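Numbering (our numbering), first residue to last: 1064 to 1326.
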């Protein structure tokens, strides 16, 4: 455990050196936030059948902006490069799990994002306060944090799984891009999933991506009761175990193919 804590602290110190990148990336993410919000506000005002009002839409995309940035991961190409370029060799000699090592490298980036962007988010909230309908309680915040943490782990394991495909393919960028598009749609970051017909929503509900953003967001907005949210936590944990097992299986098979050249 001390080894992983040391890796976390080292990575955290390294990420703080690039704090301008975190702020700039967040500011750039305000562009799709503004476009999506204005688009769906116009749709809500022009249709009587729209299930969300103006306040609901602004609140939805504001919370989605936070959740999607907190639960995102950026480890897939680092893992892929380790395998392709032979840098995995030096990690195999270390007395620690490679998956946990990558997690300790990735997690500080989310911590830095939360700390550095707290002020911009507060300013954005103040500017949009009249249009945001959020009334979270202490217990709701705890459940929301648990849902977001589970969503982060799901995203990390999916990226880890994609990265492990470098044991079989030289490039995983096409696979990553395809899954990323599916993830953005299924997670509700592009549009609220409740706008979909029940058949499509039920289909997306079978995928793990819905737990990475949509479920935490809708719970905080009050559209998901506490009982269903708790069930959602257990379902997300089930996905974490399932994805972990898939990663372990692919790692075991990939190590049989790994030639250990380079590094």
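Where a beta carbon is used, it is the ideal one built from N, C-alpha and C, also for glycine.
Predicted, not measured: the structure shown is a model, and the values here were computed from it.
Residues near residue i by beta carbon distance below 6 Å, same chain, minus five either side
i: residue 1126; result: 1280, 1283
i: residue 1270; result: 1249
i: residue 1299; result: 1213, 1274
i: residue 1356; result: A question about residue 1356 goes unanswered here, because the residues of the chain that appear run from 1064 up to 1326.
Opening and closing residue of the alpha helix (DSSP H) in which residue i lies
i: residue 1127; result: 1117 to 1134
i: residue 1176; result: 1161 to 1179
i: residue 1296; result: 1289 to 1320
i: residue 1223; result: 1201 to 1227
i: residue 1237; result: 1236 to 1249
i: residue 1144; result: 1139 to 1147
i: residue 1265; result: 1261 to 1267
i: residue 1283; result: 1277 to 1283
i: residue 1154; result: 1151 to 1155
Cβ shell of residue i (< 8 Å), same chain only, five flanking positions each side left out
i: residue 1122; result: 1194, 1195, 1196, 1197, 1284
i: residue 1326; result: Model confidence at residue 1326 stands at a pLDDT of 48, short of 50, so the residue's coordinates are unreliable and nothing is read from them.
i: residue 1090; result: 1183
Close-in-space but distant-in-sequence residues of the same chain around residue i (CB under 7 Å, 5 per side omitted)
i: residue 1184; result: 1129
i: residue 1307; result: 1220
i: residue 1134; result: 1211, 1214, 1215, 1218, 1275, 1276
i: residue 1096; result: 1124, 1128
i: residue 1171; result: 1071, 1074, 1075, 1078
i: residue 1309; result: 1224
i: residue 1303; result: 1213, 1216, 1217, 1220
i: residue 1173; result: 1133, 1215
Contact belief for residue i with residue j at Cβ below 8 Å, rounded distance in angstroms
i: residue 1132; j: residue 1176; result: 6 Å
i: residue 1143; j: residue 1169; result: With 8 Å as the limit, residue 1143 and residue 1169 do not qualify as a contact, their Cβ atoms being about 14 Å apart.
i: residue 1107; j: residue 1117; result: 6 Å
Residue i: CB within 6 Å of a non-hydrogen atom of the ligand GDP
i: residue 1154; result: Looking for the ligand GDP in the displayed structure turns up nothing, as the structure carries no ligands at all.
Please confirm if the stretch 1178 to 1192 is in contact with the stretch 1275 to 1289, defined as three or more CB-CB distances below 8 Å between the two stretches.
no
Per the contact definition of three or more C-beta pairs closer than 8 Å, is the stretch 1223 to 1230 in contact with the stretch 1313 to 1321?
yes
Take every Cβ of the stretch 1159 to 1176, pair it with every Cβ of the stretch 1236 to 1256, and state whether three or more of those distances are shorter than 8 Å.
no
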